[in-house]
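Mapping the first sequence onto the numbering used here, position 40 (from 1) lands on 555, and the numbers just tick up by one. Below: one structure, written as structure tokens.
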Amino acid sequence: MEILDRTFYERETITVAKELLGKLLVRRNNKDNMIGKIVEVEAYSGSDDPASHAYHGRTDRNYLMFGHGGYAYVYFIYGNHYCFNVTAKVGNNPGAVLIRALEPIDGIELMQANRHVKDLKNLTNGPGKLTKVMNITIKHSGLDLTKGEDLFLCEPKDKQRFEIVSTKRIGVKSGIDKLWRFYIKGNTFISRR
DNA sequence: GAGAAGATCTCCT
DNA sequence: GGAGATCTTCTCA
């Protein structure tokens with residue numbers, strides 16, 4: 516498998532977000548692999564995006580968004596859930612892409628066991644769900660995704676053509692004029708509301 | 001050191 | 001369709 520390298524991530528956040536659709540997220544857990552195809556993402560920028568963690572400047576929590584692209588940025592939200600982001604940026608403006616939904620590809624039995632859910636369509640269709648299924652926690656924050664270790668992204672073997680739909684982002688109260696949520700048209704594994 | 005809000009999910013009606 | 005669960009982070013004193 517071809518792991519995405521640094522040059523993929525060090526581009527405009529919006530461009531990276533769109534191109535992440537259809538890529539594979541690989542989670543290596545001891546000897547077991549879990550693989551999911553990315554079907555839904557959201558882009559978060561910096562000083563021009565009031566919904567972004569980076570909007571109010573650099574802090575102890577969001578400093579990863581100000582660093583290089585291609586790193587995992589994981590944070591805990593609502594007392595219950597982790598959200599998994601990939602840093603993606605060009606120049607000095609911070610940026611990250613939130614992975615919102617996956618299509619289960621491999622290691623499905625392990626995924627089901629991690630959440631005690633059998634319905635595939637209800638397994639990874641939300642940011643909090645997919646982190647639980649993939650066993651992604653705050654420990655993975657700051658991980659280099661280009662090294663091919665516990666967690667990385669790669670190019671699928673057979674590239675499929677699909678249409679990209681862009682809509683308003685979900686769950687944010689500011690920046691709703693930006694259509695920075697992207698998903699694969701017709702895919703049944705996206706989250707909705 | 002206290003208070004409030006948050007890039008969500010699940011259960012209940 | 002709506003509210004509760006639950007804790008980290010940020011802001012202000």
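Every residue gets a Cβ at the ideal spot worked out from N, C-alpha and C, and that includes glycine.
- Which same chain residues, not among the five before or five after V648, have their C-beta less than 7 Å away from its C-beta? Counting only Cβ-Cβ distances below 7 Å, and skipping sequence neighbours, we find M626, N629, R630, L638, T639.
- Between the beta-carbon of N600 and the beta-carbon of Y586, is there less than 7 Å? No. Outside cutoff.
- Is it buried or exposed for D547, if we count other Cβ within 10 angstroms and need 16 for buried? Exposed.
- Check whether the stretch 597 to 613 touches the stretch 670 to 683, taking contact to mean three or more Cβ pairs, one atom from each stretch, closer than 8 Å. Taking 8 Å as the limit for Cβ pairs, the verdict is that the stretch 670 to 683 does not touch the stretch 597 to 613.
- Message: Based on DSSP bridge pairs, tell me the residues matched to M580.
- Response: None, per the DSSP bridge assignment.
- Message: Which of the three DSSP states is assigned to V605 in this structure?
- Response: V605: coil per DSSP, three-state reduction.
- Where does Y588 fall in DSSP's three states? Strand, per DSSP.
- Message: If the criterion is Cβ atoms closer than 7 Å, does the pair K636 and T703 meet it?
- Response: Contact: yes.
- Query: Quick one, are the C-beta atoms of A603 and Y698 less than 7 Å apart?
  - Reply: Taking 7 Å as the Cβ cut-off, A603 and Y698 do not qualify as a contacting pair.
- Query: So is E678 buried or exposed if we call it buried at 16+ other beta carbons inside 10 Å?
  - Reply: So E678 counts as exposed.
- When you compare only the Cα positions, how much space is there between L666 and D692? In a straight line, the C-alpha of L666 is about 33 Å away from that of D692.
- With DSSP as the reference, label V632 as helix, strand or coil. The answer is coil: DSSP assigns V632 none of H, G, I, E or B.
- Message: Quick check on K709: buried or exposed, where buried means 16 or more other Cβ atoms within 10 Å of its Cβ?
- Response: What is shown of the chain runs 516 to 708, which leaves residue 709 out entirely.
- Going by alpha carbons, who is nearest to K654 out of Y597, I550, M549, G690? Closest by alpha carbon: Y597.
- Within 10 angstroms of its Cβ, does M549 collect 16 or more other Cβ (buried), or is it exposed? Buried is the call here.
- Opening and closing residue of the beta strand (DSSP E) in which E670 lies: Run containing E670: 666 to 670, per the beta strand (DSSP E) assignment.
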